[in-house]
Amino acid sequence: MTADRTSALLEDLNEEQSEAVLYQSGPLVVVAGAGSGKTRVLTRRIAYLIAQGVLPEQILAITFTNKAAQEMKSRIYELIGETASGMWISTFHSACVRILRRHAGRIGFTPSFSIYDDSESRRLIELVIAHLNMDHKRYSARAISHIISASKNDMYSPASYLGKASNEFEKSVAAIFFEYQKRLRDANAFDFDDLLLKTVELLKSNEDLALAYQERFYHLLVDEYQDTNRAQNELVALLGAKSQNVCVVGDSDQSIYAFRGANFRNLLNFQSMFSNAKVIVLNQNYRSTQNILDAANAVIEHNESRVKKRLWSALGPGEKIKIFRAGDERYEAAFVANEIVSLAAGKITSYADIAVFYRTNAQSRAIEEALVDRNIAYKVIGGIRFFDRKEIKDILAYMRLIDNIRDEISIRRVINVPKRKIGAKALEAIERYGEENSLTFYEVLLDIDNCPLPSAARSGVKKFLGQLELLRDLRDLPPKKIMEDLLDVTSYREDLLEEADEAGPLANQAMNRLEIIDELMSVAMEHEDLESFLSSTALLSPSDDLKSGNEAVTLMTIHGAKGLEFDAVFLTGMEESLFPHDRAMSDPEELEEERRLCYVGITRARKYLYLTHTYTRTIFGRTLDSLPSRFLRELPKDLVVDMSIHAVRASDTFRDAALFTDEPEGVIFGMGNASAMAGSRYSYSDIASRSYAEKTFTGSNRNHTKADVRRDHTPGEMNPFKVRDVDEINLFRVGDKISHARYGQGVVKSITGSDGDKVAVISFLDHKERKFLLAAAPIKLLQ
DNA sequence: GCATCACATGTTTTT
DNA sequence: CATGTGATGC
């Protein structure tokens, strides 16, 4: 390669980055802090390798999500063009599926195996528990599936799990584990964990294959290595054993998936796996302002078990971090929405540069409502996957069966969809017959004439099998064609159309489902063959739904935000028990993971960072007082500005009123937004744009029923303000700006009654009007 | 076998 | 709160 092209690849790289790109061969660890340009390093390194004569086929690049893989692919295409095709850039799971599809026969599966997601695997475990006559209360499928999954992530087989089982419970779990694996095999199916595990197993038990892949993937590059689990780590060890050309990139401070088996020590211990691995550290951050980095550094330094490092930026201090404390989650949401309006009116040109993060998906709702109110386009990433919807699962089950008729879970799912008179009783009879004659579920269906059943159910089964027979002939057609035919053959679409024609509340739902089916159809069109369609739909995650370029604010969990960046970031729900989450607070290791999560959240922001929290929050129907997150306390005071309203903080009801004692430097919330607020008020009832906002909502189809009117203020619960006398009451005039302890800022619309009975109607930021007795309302005049 | 209702139940993060 | 499950009645 010419010196020119090399220097083009190194352009705008710093010394360490260049070193990582150029490092010739042998194991390499790039310890890459947040925003330190690791994707740039990875893509340039790949381009450089190819320029050096490495064939694209010899490169395997592993990313964390399909979305990240897509991103990396397109960036490499930009660098080297078509040469890049032929290179494997995928997630661990997708890569394993590709390998398994080729060699499944070697481990007793066929290439058309099904992939069970969590809910399907749990369903199978339920069946096993019932089959073994175990008490389903004592052995909940949820808990057992957790245990089995964790064991698999640690590479335990049923036998080795039994070996270390020390009590009755664990022995029973082992029994379930054994039967579960048998049923998976009978169904020709892998669960998510098996995709990794069985690939390792395949390569370990077939030296020729191991050698072939070791030679084929002469260069291995793995991103986000801190989030690999044991199986993934072993796979890397296995594939890299011969060439030793393994480059892993990661940041142990950003390890946030321990709950599903990830172990950041895989990154720290990489050198013990590949001795004489070269270590390169990237500490310069190109993303965020120094204030944001200082905040992130300060928080993460509270973790005991970590390797010390400090990010720095050349971008200057930038703005301070804004803290806001709201009465409740609706006010918090109103604040976020208002700030977004004001950001978009000035500092930030596109909604796409703004993101709102939260710890749990359930928190999105209040924020969505506030955004809808202000007519701000948004998209929610995560929550329930598109592919988790009922109708999608039904159709996919049929498509799977066309490929893999032994798939018991899919058979059970659709054998009676549409209705074929095969109910619970019939299924029981089929199971019993199978047990008595040692037949798998599918084998009983083939022998249905001999199975004792009501005749209606028997002919239902025959009808089902007949339809499948018909559909299986279409196996080699494009997935879109298959899907169309199956909708016809099963009358699935017809039934929905009928339902949609009928009047009543169901019609709307049916219409909605038809639309969703159309969406699936367009996904099917992107694939040429059934198996590629099935593989990719099985492995897509909610974050893969993220479409770029949309002019919309992004809402997602902090987990979902990994690897992304935005000009402005709102970290909401910064409260004890929520973030750090209740379930993580008692265990120091889990608490440190929460802190890493916080670190990840903070470092997503380029320029503007907001941290918000509330006085009270309603979770699962209960309203609870909330305390500020300990992570807020860990922020150096000189980096933050408190935008909360003084009146609210004066309350002695709240134990932590002294958390931020500095005078706020910023304007009291709302002042800067007055015009924006007035503007949005008129667009509130704009139905057309509202439905746009809902359309952009890609995650689920939750309806936006406004949360019902809030219960009236309960005396004593939160009334930090004393009862007023007549003189004080008379200070309030129509048009006055006030702030309310719970609902925040508002304007007095009218006052009726006299003296101590005066009642004010106040309009709040959420555009709702509420009535208050002036003598007692927890409000305070502003200005 | 299926629809409907009441109740309970469990709720972090996700490849 | 919202979803799922279980019991009841048709």
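Per my numbering, the first sequence starts with residue 3, numbered consecutively.
Backbone N, C-alpha and C fix where the C-beta goes; we use that ideal spot for every residue, glycine too.
- If you ignore the 5 residues before and after residue 295, its C-beta comes within less than 7 Å of the C-beta of 287, 313, 314, 315, all in its own chain and listed in chain order.
- DSSP lists 626 as the beta-bridge partner residues of residue 619.
- In the three-state reduction of the DSSP assignment, residue 636 falls in the coil class.
- Looking only at 326, 497, 251, the smallest Cα-Cα distance to residue 65 is reached by 251.
- It is roughly 52 Å from the alpha-carbon of residue 616 to the alpha-carbon of residue 423.
- The Cβ atoms of residue 204 and residue 108 sit closer than 9 Å to each other.
- Judged by DSSP secondary structure, residue 252 falls within the beta strand (DSSP E) whose first and last residues are 248-252.
- The beta carbons of residue 182 and residue 150 sit closer together than 9 Å.
- With a beta-carbon spacing of about 6 Å, residue 48 and residue 78 fall inside the 8 Å limit used to define contacts.
- Within the region 384-433, no complete beta strand (DSSP E) segment of 3 residues or longer occurs.
- Annotation for residue 747: the continuous beta strand (DSSP E) segment containing it runs 746-754.
- With a cutoff of 9 Å on beta-carbon distance, residue 384 and residue 574 are scored as not near each other.
- Here residue 293 is buried: its Cβ has 16 or more other Cβ atoms, across all protein chains shown, within 10 Å.
- Spatial neighbours of residue 193 in its own chain (CB-CB distance under 7 Å, excluding positions within 5 residues in sequence) are listed in chain order as 118, 123, 186.
- Checking the DSSP bridge columns, you'll see residue 762 partnered with 753, 774.
- Rounded to whole angstroms, the separation of the alpha carbons of residue 771 and residue 353 is 29 Å.
- A direct Cα-Cα distance of roughly 9 Å separates residue 542 from residue 387.
- For residue 199, the closest alpha carbon among the candidates 184, 215, 236 is that of 236.
- Secondary structure at residue 439: helix, using DSSP grouped into helix, strand and coil.
- According to the DSSP assignment, residue 74 belongs to the alpha helix (DSSP H) that extends over 68-82.
- Rounded to whole angstroms, residue 18 and residue 283 show a C-alpha spacing of 7 Å.
- Residue environment: residue 67 is assigned as buried (16 or more neighbouring CB atoms within 10 Å of its CB, all protein chains considered).
- Between the beta-carbon of residue 358 and that of residue 557 there is about 5 Å, and that keeps the pair under the 8 Å contact cut.
- In the three-state scheme derived from DSSP, where H, G and I count as helix and E and B as strand, residue 577 is classed as strand.
- Note on residue 87: under 16 other CB atoms within 10 angstroms of its CB, so exposed under the neighbour-count rule.
- Every beta strand (DSSP E) of 3 residues or more that sits fully in the region 334-390 is shown, in chain order, as 356-360, 380-382.
- Here the region 414-430 makes contact with the region 455-472; the two share three or more CB pairs at distances below 8 Å.
- Per DSSP, the unbroken beta strand (DSSP E) holding residue 224 starts and ends at 221-224.
- Nearest to residue 144 by alpha-carbon distance, out of 485, 128, 495, 30, is 128.
- Excluding residues up to 5 positions away in sequence, 233, 236, 237, 240 lie with their Cβ nearer than 7 Å to the Cβ of residue 202 in the same chain.
- Beta-bridge partners of residue 281 (DSSP): 31.
- Beta-bridge annotation (DSSP): residue 555 is paired with 380.
- Bounds of the beta strand (DSSP E) holding residue 327 are 323-328.
- Within its own chain, the residues whose Cβ lies closer than 8 Å to the Cβ of residue 311, once the five positions on either side in sequence are excluded, are 33, 35, 255, 283, 285, listed in chain order.
- The three-state secondary structure of residue 583, taken from DSSP, is strand.
- Note: residue 739 is bridge-paired with 749 in the DSSP secondary-structure output.
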